[in-house]
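Comments concern the structure below.
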Amino acid sequence: MSSSSKYIRQPIVSVLGHVDHGKTSFLDYIRGTTVVARESGAITQHIGATEVPIDAIYKVCGDLLKDKKFTLPGLLFIDTPGHHAFTTLRTRGGSLSDLAVLIVDINEGFKPQTYESLRILKQYKTPFIVAANKIDAISGWKTSKDIAKTRIEKQRVNVKTIFEEKLYEMIGTISENKLNSDLYFNISDFRKTIGIVPISAKTGEGIPELLMILVGLAQRFLEDKLHIESGPGKGSVLEVKEEVGLGKTIDAIVYNGTIKSNDKIVIGTKDDPVVTRIKALLKPKPLDEIRDPRERFDNVNEVHAACGVKISSPDLENVIPGAPIRVAKGNLEEVIAEVKKQTKIDFELDEQGILIKADTIGSLEALIKESRDKGIKIRKVDIGNISKRDIIEADASLHPLNKLIFAFNVKILPDAKEELSNADITIFNEDVIYTIMENYDEWIEKKKAMLERERRQEFTHPGMLKFLPEYVFRVSHPAVFGVRIIGGRIKTGIRLMKEDGKVLGSIKGIQSENKSIEEAIQGQEVAISIEGVTVGRQLKGGDILYTEIPASDAKKLRDMDVLNLDEKDVLNKIFEIKRKTDKFWGM
């Protein structure tokens, strides 16, 4: 292949969906089917990917592709299913995946990871189709080799009804996410409507149609993007792995050009890119040829996009998943600058905010976006496990709501665990961003309520109460009588005043249903005791009483957002009373 020649590479396809909805079974079925079709184009197992040649697709699809010819060499499926691998394999401004399959168990519908996958596909603007899996599990479903439309029509009426109910529920859920969808055979323009293909990864129903649509979409809409040059290779790190006899290696997906053994390559790290030279390019041996677990790989001289390959090189310790890989051919400084730019997370940090840790660049970007969409301020982001320093930094935050770490798919290091036992911080460490956000919503609500309670303790709060003359239990020393809280709240220890501003005295105790309580709120009827008051003299039927608030507290309460509307109304009435005798009160 000459250095300037162009060719069409296979589209890279990711498989996403919720756990146990059949992502792995789907990939296993495709591998199994294409192995059977060896005589029409053998399957090629890559590192981290499975290549399905176009000849194998012709064989599997049979009459579906009769008389159709494609220039694509096939499809390259990423072996690691899920949105995590999808976000790891990134290029500047998007995903490395050209197409995606969103697997949904038709019987269970959308689950947390399905929603997450859908949001990520929308974020990256990746074309995708929905595989409505496990149709064979619908009660009474009859498996056949007919095309989907005929297969559905042939089902018994009650089975067809169940199928349609589940399908419409799925279409409705997708519609709630501002996307149109329908059964693939009802669609005339796949750019405007998401195709749904009913499949069974167990029986293989629908998988030929799914492969047909993937190839058709790629050929029609992605051909220009798939025309690449065979010059210096470009790739993305899928995983960093320790291998016996090799040390640190990287599993990479090559999406452009050619990578050769002994090439000088530049790879992204958390800091500056590393420049190294390839010692070995490795591809897996066919399963039936593996005799020794230490000899699982074959050395190859070069690889061409699109493919998955293991790279053995020195100095890979700080390489991160999702980092770009570039072959440098006499333009080293230029390549280093390009890799550095692509590895950089491009967004502005806040002076105060939470910390975010993730295992890859892509997942970090996804977590940042979700946090930003919620208006969460972010002070620091980083790739890697949670360290002692992270705990100390989070604990040093000035605001209690910022003493928080969002962590995606990372570990808490031993010294960090020790530091955590003495720190007042919260960590949400999950492998689903959706779950982190759900946990955050629940936590922030409780935390704000707790902080509000704590802030309330610092001030005398506005309260308005009506004396109930029919409930006088003691006239004086102390006076004990019933009141109804009309607005705000009262607490033991606070002073009460009348509408003319005259102070009555302090509340010694509050009782409700013969039990002592510390606080009473709007709507409650309680008994209170006050020293220095005589019922009938200072206090008469129909009197309205207010909490007597120090001017400094009143000013702070007006400036702070800790009162509800009802409490604000009571505070305004207290201001009116006080300013009758002091027009600058509370200023």
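Residue numbers (the working numbering): 8 to 594.
Here a beta-carbon is modelled for each residue, glycine too, at the ideal position from N, C-alpha and C.
Since we're looking at a predicted model, the values are computed, not measured.
Alpha carbon of residue i to alpha carbon of residue j, nearest angstrom
i      : j      : result
Lys453 : Val569 : 15 Å
Met177 : Gly147 : 20 Å
Leu71  : Met219 : 7 Å
Phe324 : Leu245 : Note that residue 324 corresponds to Glu in the displayed sequence, not to Phe. Rounded to the nearest angstrom, the two C-alpha atoms are 15 Å apart.
Gly512 : His484 : 12 Å
Pro60  : Lys132 : 26 Å
Tyr14  : Lys267 : 18 Å
Ser188 : Leu174 : 10 Å
Gly495 : Val479 : 23 Å
Ile64  : Asp74  : 13 Å
Met444 : Lys376 : 11 Å
Phe93  : Ser104 : 7 Å
Arg7   : Glu437 : Absent from the structure is residue 7, since the part of the chain shown begins at 8 and ends at 594.
Arg227 : Pro134 : 12 Å
Pro205 : Asn140 : 6 Å
Lys271 : Ala313 : 20 Å
Phe601 : Leu420 : For residue 601 there is no data in the structure shown, the boundaries of the chain being 8 and 594.
Ile497 : Ala401 : 37 Å
Val251 : Pro321 : 15 Å
Pro351 : Val326 : Before going further, note that residue 351 is Lys rather than Pro in the sequence given. Roughly 13 Å between the two C-alpha positions.
Val137 : Pro80  : 23 Å
Gly29  : Gly315 : 23 Å
Val22  : Asn306 : 28 Å
Lys424 : Asn409 : 19 Å
Ile551 : Trp450 : 39 Å
Those residues which DSSP pairs with residue i across a bridge
i      : result
Thr256 : Lys248 and Ser319
Asp389 : Lys364
Asp189 : Gly202
His234 : Ile15
Pro60  : Gly81
Asn263 : Lys241
Ile537 : Ala486 and Ile514
Val542 : Leu546
Val281 : Ile274
Three-state secondary structure (DSSP) of residue i
i      : result
Pro239 : strand
Leu72  : helix
Lys13  : strand
Gly211 : coil
Ile206 : coil
Glu176 : helix
Asp21  : One point to set straight first is that residue 21 is Ser, not Asp, in the sequence displayed. Note: Ser21 maps to strand in three-state DSSP.
Asn416 : coil
Ala405 : For the sequence presented, residue 405 should be read as Leu rather than Ala. Correct three-state label for Leu405: coil.
Gly223 : helix
Asn579 : helix
Asn165 : helix
Lys66  : helix
Glu437 : strand
Thr157 : helix
Leu229 : coil
Leu37  : The identity of residue 37 in the sequence shown is Ile, whereas the question assumes Leu. The answer is helix: DSSP assigns Ile37 an H, G or I state.
Lys410 : coil
Lys271 : strand
Thr31  : helix
Met8   : Unreliable placement is indicated for Met8, whose pLDDT of 42 sits below 50; no coordinate value is reported for it.
Lys590 : coil
Lys381 : coil
Ser195 : coil
Asp431 : coil
Ala49  : Per-residue confidence for Ala49 stands at a pLDDT of 48, beneath the threshold of 50, marking its modelled position as unreliable; the derived number appears in the next sentence. Coil, per DSSP.
Ser595 : Residue 595 cannot be examined here, being either before or after the span of the chain that is shown, 8 to 594.
Ala44  : For Ala44, the pLDDT reaches just 44, beneath the cut-off of 50, and the residue's location in the model is therefore unreliable, leaving the point undetermined.
Practice task
Taking only runs that begin and end inside the stretch 74-153, name each unbroken beta strand (DSSP E) of 3 or more residues, in chain order.
Solution key: 81-85, 106-112 and 135-140
Exercise for the section: With a floor of 4 residues, list each alpha helix (DSSP H) that falls wholly inside the stretch 284-371, ordered by position along the chain. Expected result: 339-350
Exercise for the section: Enumerate, from N- to C-terminal direction, the unbroken beta strand (DSSP E) stretches of 3 or more residues contained entirely within the stretch 476-535. Expected result: 486-498, 502-505, 510-519, 522-524 and 526-528
Exercise for the section: With a floor of 4 residues, list each alpha helix (DSSP H) that falls wholly inside the stretch 551-577, ordered by position along the chain. Expected result: 558-566
Practice task
Please determine if the stretch 540-555 and the stretch 476-488 are in contact, where contact requires at least 3 C-beta pairs separated by less than 8 Å.
Solution key: yes
Exercise for the section: Say whether the stretch 386-402 touches the stretch 360-368, bearing in mind that this needs 3 or more beta-carbon pairs closer than 8 Å, one atom from each stretch. Expected result: yes
Problem - Unbroken stretches of the alpha helix (DSSP H), 4 residues or longer, contained in the stretch 448-479 - result: none
Practice task
Indicate whether the contact test is met: 3 or more Cβ pairs, each with one atom in the stretch 266-284 and one in the stretch 338-345, closer than 8 Å.
Solution key: yes
Practice task
Evaluate the contact criterion for the stretch 232-250 versus the stretch 157-173: three or more CB pairs, one atom per stretch, below 8 Å.
Solution key: no
Exercise for the section: For the stretch 504-524 and the stretch 557-565, state whether three or more C-beta atom pairs, one from each stretch, are separated by less than 8 Å. Expected result: no
Handout entry: Three or more C-beta pairs below 8 Å linking the stretch 77-87 and the stretch 118-131
Key = no
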